[in-house]
Amino acid sequence: MSRLEAVIFDFDGVVFDSETPEYESHRRLYERCGVELTVSEWCGAIGLWTEGYADRRFETLCSRSTRAPARDAYHDERRRIFDELLPREPMRGIRELLTALQAAGIPTAIASTAPTRWVVSSAGRIGVHDLFRAIVTGEEVARRKPAPDVYLEAARRLGVDPALAIAIEDSGPGITAARAAGMTTIAIPHWLTATHDLSGANLRVSHAGELSTDRLHQLLDSAARRLTR
Numbered sequence: 756m757s758r759l760e761a762v763i764f765d766f767d768g769v770v771f772d773s774e775t776p777e778y779e780s781h782r783r784l785y786e787r788c789g790v791e792l793t794v795s796e797w798c799g800a801i802g803l804w805t806e807g808y809a810d811r812r813f814e815t816l817c818s819r820s821t822r823a824p825a826r827d828a829y830h831d832e833r834r835r836i837f838d839e840l841l842p843r844e845p846m847r848g849i850r851e852l853l854t855a856l857q858a859a860g861i862p863t864a865i866a867s868t869a870p871t872r873w874v875v876s877s878a879g880r881i882g883v884h885d886l887f888r889a890i891v892t893g894e895e896v897a898r899r900k901p902a903p904d905v906y907l908e909a910a911r912r913l914g915v916d917p918a919l920a921i922a923i924e925d926s927g928p929g930i931t932a933a934r935a936a937g938m939t940t941i942a943i944p945h946w947l948t949a950t951h952d953l954s955g956a957n958l959r960v961s962h963a964g965e966l967s968t969d970r971l972h973q974l975l976d977s978a979a980r981r982l983t984r
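The sequence shown begins at 756 in the working numbering and counts up by one.
(1) In three-state terms, what does DSSP make of E924?
(2) F771 by DSSP, collapsed to three states: which one?
(3) Would DSSP call I849 helix, strand or coil?
(4) List the residues that DSSP assigns as beta-bridge partners of T863.
(5) Take the Cβ of A858 as the centre, count every other Cβ of all protein chains shown within 10 Å, and call the residue buried at 16 or more, exposed below.
(6) Starting from the C-beta of R812, find all residues in its chain whose C-beta is less than 6 Å away, skip the five residues before and the five after it, and write them out in chain order.
(7) Touch check for the region 965-977 and the region 914-928: three-plus C-beta pairs under 8 Å?
(8) List the whole-angstrom C-beta distance separating S967 from A809, where the pair is believed to meet the contact cut-off of C-beta under 8 Å.
(9) Hey, how far is the Cα of S757 from the Cα of G860?
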C-alpha cells in the first residue's frame, strides 16, 4: 500500500472562500451601472493569476456603461464590498480535515498562485496558518498555475515525493498544475468553478467534510495501483 506523505491545498476557493466576495464586489458595481457581469464571463479567470485584472474589469465596465465611476472610486468601493463580504471561517470541513491530518502526522502545505501577503494574512485571519507546515505562493516560483511549480516547491519544502502527495483544488488550471507535478488530485468545485473541466481529478467531492485520512490513504493507493497496471 502506498504511503500518503503529504496533502497540499490550493488556498482561494478551497481553504478560504475569497472567490465569492471577489466576484460579487465587481458584479454589484456593474449592476449599479446597469451592466450584467455573468458567472460564465467571470469564471474563466479563476485559478489563474492575471496582473491588473481588477483594472481590466473596470475598463470593461467603462466600455459598456456611461455611468461608470472614476477609477479610484471604483476600486475603493470594490475593496469595501470585498472586505465586507469576506467570511471569518475557512470553507466547510477544512479545519476538521487539517486537524485530522495533523493528528495523523501527515504534513500539509498551501500551494497558491496568489500573492504571499494575501495568503499568509488570510490564513492567519481564519485561524489555520499554524496548521500548515509550508506556504508557497506564485511570487516564489518561476511560473504560476497551470504550471506545476508551486506544487513541486511545496513538496520540496515538505521533503516529500510528489507522487506520494495529494493535491486539493477547485479549478481547472489548479488540477492541471497538480497533475503536472505528478500528484493525485481531488477536486472540490467552488460554485464559480462548477463549469471548469475537472475531469482530470482522481476524485471529486462537494466539500472537505467528505474527506478523511482513511479516504485519502485509499485514494492514493488506488491511484498508484492504476499507474502500475
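Beta carbons: idealized from backbone N, C-alpha and C, even for Gly.
Short version:
(1) If DSSP states are grouped into helix, strand and coil, E924 belongs with the strands.
(2) Looking at F771 - three-state DSSP - the assignment turns out to be strand.
(3) helix
(4) V762
(5) exposed
(6) H781
(7) Of all C-beta pairs linking the region 965-977 to the region 914-928, three or more are shorter than 8 Å, placing the two stretches in contact.
(8) About 38 Å separates the two Cβ atoms, so there is no contact after all.
(9) 16 Å
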